[in-house]
Each structure stands twice: as C-alpha cells, then as structure tokens.
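Residue numbering for the sequence shown follows our numbering, starting at 1 and increasing by one per position.
For glycine and all other residues, C-beta sits at the position ideal for the given N, C-alpha and C.
Have a look at the structure below before the remarks.
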Amino acid sequence: RSLKIIGEENEYRYIENKINHIFTVGLFNPKIYISDDVLENLNEKEIQVIKLHEKFHAISFDPLKKIISRLIEKALPYFPFKKRIFENYEVLAELSADTYAQDLIHSKKPIITALNKMLNLPNYDKHLNLSSFSLHNERVPILVEEKVFKTKSYFMFITFIVFVLIANIYIISRTNIFLECQHIAEC
C-alpha cells in the first residue's frame with residue numbers, strides 16, 4: 001500500500017495516515033515521513049525534537065545500519081546474550097538520536113513528553129519495523145536519569161565476541177579438518 005504524501009519540506013514528507021508515526025526510510029538516501037496525526041497530537045517543540053531525532057537517523061544512515069545489524073544477528077550462531085546485544089544496539093541508536101536532538105534544543109523535556117504522548121496515542125504502532133521515533137522501554141528511564149545505559153560493558157562484550165569469532169575462524173582455517181575427514185571425501 002502506498003503512502004499519500006500531503007506535503008514536503010526539505011527532507012521531510014508529510015503523509016496522510018491513521019497511524020501516529022514518524023519514521024525514516026531509505027538505505028542510501030533516507031527520507032523522513034511524518035503522519036498528519038502526529039502533527040495534530042504533539043506540540044511545536046515536541047514536533048521539532050522528533051524531527052531532529054529522525055534527522056539524526058537519516059544523516060547516520062540508521063535504516064541501512066539496522067538492516068546490516070539484523071543480517072549479522074541472523075547469520076551468527078546462537079550464543080549467550082546474543083538477542084540482548086542486538087537489542088542494545090537499537091536502544092543505543094535511539095539514545096544517540098535523542099542526544100543529538102537534546103543537544104540542539106538544549107532540553108530533555110520535549111523528548112520525554114513526546115515519547116510519553118506517543119506511547120499513549122491510540123493509533124501508535126509500536127511494532128512498525130522501521131528506523132523511527134520508537135518506544136524502547138529503556139529510553140525514558142535513561143533520559144530521566146533513573147537508569148544508566150552501560151556502554152562500556154556493552155562494547156567490551158561485543159569486542160570479546162568479535163575477537164573469539166575471528167580467533168575461531170583463524171584456527172579453523174589453519175587446520176586440515178575438512179581434508180582429513182574421510183566421510184567428506186567419500187560423499
């Protein structure tokens with residue numbers, strides 16, 4: 001189904017849609033789409049902050065990064081905390097966009113109020129699979145400083161996993177395991 005564009009302004013596309021949503025789409029030339037219901041339900045400062053939030057996703061090519069991240073997640077075999085690591089990546093991407101918007105408007109309040117309003121809107125699709133002003137459960141407590149996102153331990157763990165994978169690939173490539181297996185030769 002196509003989107004009915006009702007207006008354009010620079011990188012923003014305004015759409016007629018019954019679902020309250022703002023999102024960024026496009027791998028190499030991302031565009032930001034804002035539903036008319038969002039414009040009706042949020043105040044001017046909240047609209048400004050979600051536009052800035054989405055602009056960060058666009059200039060950071062987050063839709064492309066999200067697809068690459070999901071491909072890597074699907075390609076990797078199971079290991080402990082795998083799902084949590086990739087969820088944390090998405091939370092980190094959202095928090096980075098929040099920080100960008102917050103730094104430009106010099107306040108956290110519009111981000112927090114926009115998140116809370118969007119969460120309570122009747123037609124908000126929390127599961128839309130796009131790079132968007134989405135509602136990860138961890139964002140609001142982090143923004144109001146009730147919770148800390150531990151990036152250092154997160155990156156240390158990812159570095160460890162990458163190191164282990166590279167070491168295993170190197171070790172396997174230095175062996176003749178596939179050439180020595182008689183079963184493979186007979187098949």
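- If only uninterrupted alpha helix (DSSP H) runs of at least 4 residues are considered, those enclosed by the region 1-81 are 36-41, 44-59 and 62-75.
- When the beta-carbon positions are compared, residue 85 and residue 15 stay at least 9 angstroms from each other.
- With a cut-off of 8 angstroms on Cβ pairs, the region 71-78 is not in contact with the region 27-45, counting fewer than three such pairs.
- Annotated as proximal: residue 143 and residue 115, with beta-carbon spacing under 9 angstroms.
- It is roughly 14 angstroms from the alpha-carbon of residue 82 to the alpha-carbon of residue 164.
- With a beta-carbon spacing of about 19 angstroms, residue 155 and residue 100 fall beyond the 8 angstroms limit used to define contacts.
- Ranked by Cα distance from residue 45, the options 21, 105, 66 and 10 are led by 105.
- Measuring C-alpha to C-alpha distances from residue 157 to each of 118, 108, 80 and 173 identifies 80 as the nearest.
- Distance from the Cα of residue 102 is smallest, within the candidate group 171, 4, 54 and 175, for 54.
- By the C-beta density criterion, residue 167 is exposed, having fewer than 16 other C-beta atoms within 10 angstroms.
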